[in-house]
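See structure below.
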Amino acid sequence: MPQGKRKRSGDRVQAFFPDEVWSGGKKSTGGQPLQPFSLSKAWKRCGDGFYSCQEEKAAASSERTTLLGKPIAHTPVYDEDCNDNNPARIVWSSSDSELSNDGSKEFNSRLGFASRSSRNKGKSYSMDLSASMKQFNDDVPEITGWQYECDSEEEKRTFSDAAESAVEISDPESLSSKATESQLLKGAESSKVMAMEIAEYSSDDEFDESYVPILPSHFPASNDGDVVSPTAKPASEWLKTAQVLLQTPEKKIDKASKTPEDSAKKRKRFLRGGLAERLSRLQNRERSAISFWRHQCESDCKITVGAKSGVLVLKIIQVHEECAIQVAHCTQQINDNNKEALCTNDSNDTSHLIVLFTCQTAAQLQVRPHDIIHIHPPWQKLKLKTEDKNMYIILNTHFTQKIIPNNNSTNKACRYEMVTVRRKKLPLSIMFKINETCHEHEVKEQVPHNPSVPKPLQAGSSQRKQSTMYFKKNDSLLDVVESQGAAGWKGACLRVVVQRVYCLPSKNKTGLHNGSSKNIPCQENKLRSDFSVCLLVQDAYGMFSELHLQAAELSVDHIDVYSKRWEGKTCCLTGMKILQRTTKGRAPGLFSLIDSLWPPLVPIKVHGQSQDQQVQNNLPVPSFCYVLAVHAEEIEDDEAEETPDLYLPPAVYTLRDIHQIVGPSQRCSFCGTVIYIRPEISANPAPQQEMWIFVTDSTLQEGSSAAPRTLSVCISPSCLLDNRVHQALCNKSPCALLFKDAIRENGRVICVERTVLSVQKPLLSSASGVKQVTDPVQLDDLDCAAQANSLCAVQGIITGVNEKTAYSWPVCNECGSNKLQRSDEKREAYLCSQCCQYTSNPDIRMQLEVFLRCDSMPGCTVRIKLQQETISLLLRLSPSVDGCYEVSNVLGMKVGPLNCYVQSASSQLGRYVELKEISLWKAN
Amino acid sequence: MDAILPTVAEELLREIKRNYQETSQITDELLLGLKFIFGPTALYALDLVDQRSVSHVTSPSGRSTFQVVGSSGKMYTCFASCHYCSCPAFSFSVLRKNDNMLCKHILAIYLSQAMGLCQELTVTDKQMCDILFPKED
Numbered sequence: 001m002p003q004g005k006r007k008r009s010g011d012r013v014q015a016f017f018p019d020e021v022w023s024g025g026k027k028s029t030g031g032q033p034l035q036p037f038s039l040s041k042a043w044k045r046c047g048d049g050f051y052s053c054q055e056e057k058a059a060a061s062s063e064r065t066t067l068l069g070k071p072i073a074h075t076p077v078y079d080e081d082c083n084d085n086n087p088a089r090i091v092w093s094s095s096d097s098e099l100s101n102d103g104s105k106e107f108n109s110r111l112g113f114a115s116r117s118s119r120n121k122g123k124s125y126s127m128d129l130s131a132s133m134k135q136f137n138d139d140v141p142e143i144t145g146w147q148y149e150c151d152s153e154e155e156k157r158t159f160s161d162a163a164e165s166a167v168e169i170s171d172p173e174s175l176s177s178k179a180t181e182s183q184l185l186k187g188a189e190s191s192k193v194m195a196m197e198i199a200e201y202s203s204d205d206e207f208d209e210s211y212v213p214i215l216p217s218h219f220p221a222s223n224d225g226d227v228v229s230p231t232a233k234p235a236s237e238w239l240k241t242a243q244v245l246l247q248t249p250e251k252k253i254d255k256a257s258k259t260p261e262d263s264a265k266k267r268k269r270f271l272r273g274g275l276a277e278r279l280s281r282l283q284n285r286e287r288s289a290i291s292f293w294r295h296q297c298e299s300d301c302k303i304t305v306g307a308k309s310g311v312l313v314l315k316i317i318q319v320h321e322e323c324a325i326q327v328a329h330c331t332q333q334i335n336d337n338n339k340e341a342l343c344t345n346d347s348n349d350t351s352h353l354i355v356l357f358t359c360q361t362a363a364q365l366q367v368r369p370h371d372i373i374h375i376h377p378p379w380q381k382l383k384l385k386t387e388d389k390n391m392y393i394i395l396n397t398h399f400t401q402k403i404i405p406n407n408n409s410t411n412k413a414c415r416y417e418m419v420t421v422r423r424k425k426l427p428l429s430i431m432f433k434i435n436e437t438c439h440e441h442e443v444k445e446q447v448p449h450n451p452s453v454p455k456p457l458q459a460g461s462s463q464r465k466q467s468t469m470y471f472k473k474n475d476s477l478l479d480v481v482e483s484q485g486a487a488g489w490k491g492a493c494l495r496v497v498v499q500r501v502y503c504l505p506s507k508n509k510t511g512l513h514n515g516s517s518k519n520i521p522c523q524e525n526k527l528r529s530d531f532s533v534c535l536l537v538q539d540a541y542g543m544f545s546e547l548h549l550q551a552a553e554l555s556v557d558h559i560d561v562y563s564k565r566w567e568g569k570t571c572c573l574t575g576m577k578i579l580q581r582t583t584k585g586r587a588p589g590l591f592s593l594i595d596s597l598w599p600p601l602v603p604i605k606v607h608g609q610s611q612d613q614q615v616q617n618n619l620p621v622p623s624f625c626y627v628l629a630v631h632a633e634e635i636e637d638d639e640a641e642e643t644p645d646l647y648l649p650p651a652v653y654t655l656r657d658i659h660q661i662v663g664p665s666q667r668c669s670f671c672g673t674v675i676y677i678r679p680e681i682s683a684n685p686a687p688q689q690e691m692w693i694f695v696t697d698s699t700l701q702e703g704s705s706a707a708p709r710t711l712s713v714c715i716s717p718s719c720l721l722d723n724r725v726h727q728a729l730c731n732k733s734p735c736a737l738l739f740k741d742a743i744r745e746n747g748r749v750i751c752v753e754r755t756v757l758s759v760q761k762p763l764l765s766s767a768s769g770v771k772q773v774t775d776p777v778q779l780d781d782l783d784c785a786a787q788a789n790s791l792c793a794v795q796g797i798i799t800g801v802n803e804k805t806a807y808s809w810p811v812c813n814e815c816g817s818n819k820l821q822r823s824d825e826k827r828e829a830y831l832c833s834q835c836c837q838y839t840s841n842p843d844i845r846m847q848l849e850v851f852l853r854c855d856s857m858p859g860c861t862v863r864i865k866l867q868q869e870t871i872s873l874l875l876r877l878s879p880s881v882d883g884c885y886e887v888s889n890v891l892g893m894k895v896g897p898l899n900c901y902v903q904s905a906s907s908q909l910g911r912y913v914e915l916k917e918i919s920l921w922k923a924n
Numbered sequence: 001m002d003a004i005l006p007t008v009a010e011e012l013l014r015e016i017k018r019n020y021q022e023t024s025q026i027t028d029e030l031l032l033g034l035k036f037i038f039g040p041t042a043l044y045a046l047d048l049v050d051q052r053s054v055s056h057v058t059s060p061s062g063r064s065t066f067q068v069v070g071s072s073g074k075m076y077t078c079f080a081s082c083h084y085c086s087c088p089a090f091s092f093s094v095l096r097k098n099d100n101m102l103c104k105h106i107l108a109i110y111l112s113q114a115m116g117l118c119q120e121l122t123v124t125d126k127q128m129c130d131i132l133f134p135k136e137d
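This is the structure we're talking about:
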């Protein structure tokens, strides 16, 4: 169908596309039909077409005015009526009928193509083209009226004038005018797009439709495809720019005019969805907006800004530089048009402003006192409150123009004059006080929203409910209990400090757990669902209470979130139920934790005494404690009043201090690198059993003191491990754990209920001044003090072999499985039932226990179960007969030092130690 | 006349904090403002915040300091009471060339504080001492 069209157009092509124009000045395409391909290509560069055909226009310009009234327009006709406030007129040729068919619809469909990348642009042009080709088939174009909005009434008028006068349509003309039109539409559209984008970070509300259009100075082809899009503005403006270009074709390439972030070219991968990624995207967008704006600025230095809203017109009073940012004190040049730009809410003293320029902008502007500058939106305003007045700071001044009253030539001269700016050094001694903001904004620390944790349980979800305002605040737990009765109360408001947050396994939710570390048999499912999240709180009188939290979706795995939410915070309890009153005898575990928080660091109130009386020392530890059930919603943040900070954070000890300072049965916190665990745990959730974790840190490894080099930590099943800790322990590589409120007992440490384990970032444990433990980890030599469930290194001479337990078995050399069967078919071959392969050379695994004589333990029997490698080493020189070795071959051999786990040790006469050789965890 | 930039930076950070507390977000406008004031440092500081690299270390004596795990994994110590960071960018860009107010680590500290993303860490006084006066390796 486009065929006929093209034929007709053949002899009268008058649009000049860059390729053609350059080939022969006024090229006449003769009878040569335009190929769709070359057309679309030409369309892509139609901007150049106009750029270059301006030369022609110069010649034709004298005819322009006469053309204006003619019924048939050949090309867009420029009205050079130089009325300053009257933008150039455009006369549209009849080909606009394409639009007129269903103008609004097509118009809309083009919006989708309004793209800022030149490649997409090409696409959209060719789309337009095909659309117009289709249009050409209509023999009688109908004009149905103009349904889209023109940028100005004036243009609208011109449009319709042209349309009415279109009597006959000649195809080539329609083509060329279509070029103009689609260009213009596109331009207008993309200006909208850009305006919208910019508006996203525009600071002022006055940013509106009348935003100063951005005038293109170069079209893509003249700009080697740089991403600057020909965008923006009313057609009239656009044409005007084109004319300006025509007259001043010189192109200036100013290095300094590069956009600010050229240095930030390094591509870096940021966290997906993170703030950095977002900023980097914004930055790119801003960068192209800036470079585009600068291009247009260079081409048209005299944008009249007076009437454009959002443009700040400022006079510079003084400039200095602070850290690569130029600080300009300015006064606002008030005139009726831009008055509202700043003085929206403050009518006074807004005339004095401080404007900041980045060094790039500053280098371009070369501002000096008395200069007049225009700052185009989007700029950003920041209000500073100083003691006497409000001060406005203008940021994001990327779209700034210096206005030079003289003509262009002097302009250039001033521009490159050097401007010296005084630099100011900034003090390093002043920290920014970002926390001392107005109180109503003061909210406690926040953690990012964790979707799996209910909102009220998350940090930062301060629920300032009416209750805390209306109810009288009470800071005595006992008072509240007395006055409200034990059955449960509502409507009171008890203020407490949350000392600790932990999880308790609970067979019966109300039950208490004593401090024994006996095995509590519990099923995994039960364990994960049957627990309480507890808060140990303290009131102003020092009274403790354990709150069992009741909320819909609690999870052991989020204990760190709960901890962050509440620990150390002052909260108001607005309702609760008393579950139990307990005493030290009944709940030793609870009280061992309470003891560790006693005495308080700050004076507490004493019942029956006036409040300002200082408390005497030696206050007895509370002898009883209430256990309360509280709904999560009944705990509200209390930020109102100054309260003495009763919170006693866990003091983190080094492991050497744990050995040397911490007394028996004391609660203590420490950080250690796990080097071995026994028994091994699997990644699959399994009932938590008692296990031993062996930790060390640099204070133990490097110290030459008497302290053992490792610390054995027993994890009782009552100490709930969250998933992260569990996974870390499964990995079998050294990991740093923080143990909070574990109990020291007989040279080792026990983690029971109310002990919280958490994974530390490896680097953070070195942050605590304890360096990361480096391989190889040293163990203590076996000596008389060795206890069961500890680690040691042993060396000695083999004095005997436990023949009863020595045996060997084959395993598959492929998969390591020991499920091998003698093959029926092949002699001497095995069939692995796991990997179903035949193997004739299975690996041989051996178990061997030997007795050692150790110099460090004279007269002591040491039995050690060796690992495969050590056995192989021992037997490598011994002759083997059918897999059997002579005992005598290994007797007298020296082994060690071997890392061992002490399985049992008797301290009676005829001391006997049973060891198992182990491999310590090594960093991968 | 006093330097204005620190005051501006301070106010901007407060603004970010307010904004974050109210909406758990930071507006594009503030992000661009941050970049305007701090230049490329802002981008890398935000990345550190995204990575949760900042920890606030306190000890019973009341001393506190910040530690930031840099993008290379190296740990930098920043003081809590004045602008100081042990990173090379600080000594070059902030101290020597004086073209930056802060290094990315200090900015990351401010941002983490504003957003409540500091990891809190309690250490003993002795450990704090080791942090503040590290022994030469």
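Protein chains in written order, with the UniProt record's numbering: chain A, 1 to 924; chain B, 1 to 137. Backbone N, C-alpha and C fix where the C-beta goes; we use that ideal spot for every residue, glycine too.
Simplified DSSP state of residue i, which is helix, strand or coil
{"i": "E482 (chain A)", "result": "helix"}
{"i": "C719 (chain A)", "result": "coil"}
{"i": "G33 (chain B)", "result": "helix"}
{"i": "P40 (chain B)", "result": "helix"}
{"i": "G663 (chain A)", "result": "coil"}
{"i": "T397 (chain A)", "result": "coil"}
{"i": "E322 (chain A)", "result": "strand"}
{"i": "T65 (chain B)", "result": "strand"}
{"i": "E745 (chain A)", "result": "strand"}
Chain B within 9 Å of residue i, Cβ atoms only
{"i": "Q423 (chain A)", "result": "Here the sequence assigns Arg to residue 423 (chain A), which means Gln is not the residue at that position. For R423 (chain A), the answer is yes, since a Cβ of chain B falls inside 9 Å of its Cβ."}
{"i": "C297 (chain A)", "result": "no"}
{"i": "V327 (chain A)", "result": "yes"}
{"i": "I354 (chain A)", "result": "yes"}
{"i": "S429 (chain A)", "result": "yes"}
Residue i at chain A interface by Cβ criterion, 9 Å
{"i": "T124 (chain B)", "result": "yes"}
{"i": "F36 (chain B)", "result": "yes"}
{"i": "T58 (chain B)", "result": "yes"}
{"i": "T7 (chain B)", "result": "yes"}
{"i": "S81 (chain B)", "result": "yes"}
{"i": "R63 (chain B)", "result": "no"}
{"i": "A42 (chain B)", "result": "yes"}
Residues bridged to residue i [DSSP beta-bridge criterion]
{"i": "W379 (chain A)", "result": "Answer is none; W379 (chain A) lacks a bridge partner."}
{"i": "I372 (chain A)", "result": "A:K315 and A:I403"}
{"i": "L573 (chain A)", "result": "A:L494 and A:I635"}
{"i": "G796 (chain A)", "result": "A:V895"}
Closer than 8 Å: residue i CB and nearest the ligand NAP heavy atom
{"i": "L428 (chain A)", "result": "In the structure on display, the ligand NAP does not appear, and there are no ligands present to speak of."}
Next item on the list: Give, in chain order, every residue of the segment 732-761 of chain A whose Cβ lies closer than 7 Å to some Cβ of chain B.
Entry: Taking a C-beta cut-off of 7 Å against chain B, none of the residues of the segment 732-761 of chain A qualify.
Note to self: Could you tell me which whole alpha helix (DSSP H) segments of length 4 or greater appear in the segment 841-915 of chain A?
What the structure shows: Annotation: the segment 841-915 of chain A contains the following complete segments of the alpha helix (DSSP H) (minimum length 4 residues), in chain order: 868-875 and 887-890.
Note to self: Can you pull out the residues from the segment 92-112 of chain B whose beta carbon lies closer than 7 Å to at least one beta carbon of chain A?
What the structure shows: Within the segment 92-112 of chain B, the residues whose Cβ lies closer than 7 Å to any Cβ of chain A are, in chain order, N98, D99, N100, M101 and Y110.
Item checked: Selection of the segment 275-291 of chain A by Cβ proximity to chain B, strictly under 7 Å -> Cβ contacts with chain B: L275, A276, R278, L279, S280, L282, Q283 and E286.
Notebook entry, point to check: If you measure beta-carbon to beta-carbon, which residues of the segment 372-406 of chain A are closer than 7 Å to chain B?
Noted result: If the cut-off is 7 Å between Cβ atoms, the segment 372-406 of chain A has Q380, L382, L384, I393, L395 and N396 near chain B.
Notebook entry, point to check: For the segment 637-666 of chain A, which residues have a beta carbon sitting closer than 9 Å to at least one beta carbon of chain B?
Noted result: Near chain B, meaning a CB-to-CB distance below 9 Å, the residues of the segment 637-666 of chain A are P649, P650, A651, V652, Y653, T654 and D657.
Note to self: List, from N- to C-terminal side, the beta strand (DSSP E) runs of 3 residues or more that fit wholly inside the segment 42-113 of chain B.
What the structure shows: Runs of the beta strand (DSSP E) inside the segment 42-113 of chain B: 54-58, 64-69 and 75-79.
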